[in-house]
Amino acid sequence: MKLNDDLLILELTADFGTGPSILNAAVILDSQAGHTLVDTGMPGMEGAIETALAEVGVTLKDIRQIIITHHDLDHIGSLEAVVKASGAQVWASARETPFIQGEEWPQKMPPQETVAEMLADPETPPQMRARLSLPRVAVKVDRALQGGEVLPLAGGVRVVMTPGHTPGHLSLYLERTKTLITGDALVSDGGQLHPPRAQVTPDMAAAGQSVGSMAALDVQTVLTYHGGVVGEDANGQLDRVAAGMAES
């Protein structure tokens, strides 16, 4: 779905064990600098990404940069395959880089010894076993992004550091269209913004401060990875969530 002239939303279907779920990856459109994919879905989604791009006449070869908001598997799962197909550079925050490059154990995975025990246990549910057996992502990050820098893409894309969900989580603010891509720093449902899910956000205090930083921006539209587009009173909704998290 094309949100505006600068942003394409790729709706990727995943199943986390509770039925189909939509992951809202994004493509920042810029014919001069090359298009930029934001996050890559679960492992094996490169074909779905390619199909979604083809609907608007774009191919993986047109992707010149891939920005990773954070290292959770549903955001980097198809990164290696997309890089191989496109030749794109990978950009991420410095704190997320060792996770993406496979140098640091994923923050939300059980410790390595626990994973080994669970795989050896015949009582481990098949879906959990399949998830734990997935190969770890280890892809070189070409550029470390800094909070506050403005990338020369689509009229200017500002990097907003939004830690909490992971230590180096980042969000992106498209200045020309006043669109905020939040990754998992926020979620939404039916056009309503909500705080990030506490059960998968280790540092809710930092997450609340991050929402406060986003609320300081002039935002017309929000895109959350889980939930999709929020267009009605985006600034007011950001203020509401920030205030609620500050009080909790």
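Numbering (this note's numbering), first residue to last: 2 to 249. Just so it is clear, CB atoms sit at the ideal spot from N, CA and C, and this is done for glycine as well.
Under the 10 Å beta carbon count, residue 32 is surrounded by fewer than 16 other beta carbons and is classified as exposed. Pairing residue 93 with residue 56, the inter-Cα distance amounts to about 27 Å. Taking 7 Å as the cut-off, the Cβ atoms of residue 101 and residue 76 do not count as close. Membership of residue 90 in the beta strand (DSSP E) is indicated by the continuous run 90-94. Around the beta carbon of residue 120, a 10 Å sphere encloses fewer than 16 other beta carbons of the protein chains shown; the residue is thus reported as exposed. Rounded to whole angstroms, the gap between the alpha carbons of residue 12 and residue 225 is 11 Å.
For residue 145, the enclosing beta strand (DSSP E) has its first and last residue at 144-146.
Residue burial is scored here from C-beta neighbours: residue 60 has fewer than 16 other C-beta atoms within 10 angstroms and is therefore classed as exposed. Contact annotation: residue 184 and residue 139 have beta-carbon atoms that are not nearer than 7 Å.
Residue nearest to residue 131 within the set 155, 44, 29, 199 is 44 (criterion: CA-CA distance). Under the three-pair Cβ rule at 8 Å, the stretch 110-126 does not count as touching the stretch 84-99. Here residue 214 carries a helix assignment [DSSP, helix/strand/coil]. Proximity of the stretch 184-198 to the stretch 214-234 meets the contact definition, three or more beta-carbon pairs being nearer than 8 Å.
By the Cβ rule, the stretch 61-70 counts as touching the stretch 34-42, because three or more pairs are nearer than 8 Å. Taking the Cβ atoms as the reference, residue 235 lies roughly 16 Å from residue 7, outside the contact range of under 8 Å. Taking a 10 Å sphere around the C-beta of residue 42, we find 16 or more other C-beta atoms and assign the residue as buried.
DSSP places residue 141 outside both helix and strand once states are collapsed to three, so it counts as coil.
In this structure residue 113 is exposed. Its beta-carbon is surrounded by fewer than 16 other beta-carbon atoms within 10 angstroms.
Residue 233 counts as exposed, since fewer than 16 other beta carbons sit within 10 angstroms of its beta carbon. Between residue 158 and residue 172 the beta-carbon gap is near 11 Å, outside 8 Å, which marks them as no contact.
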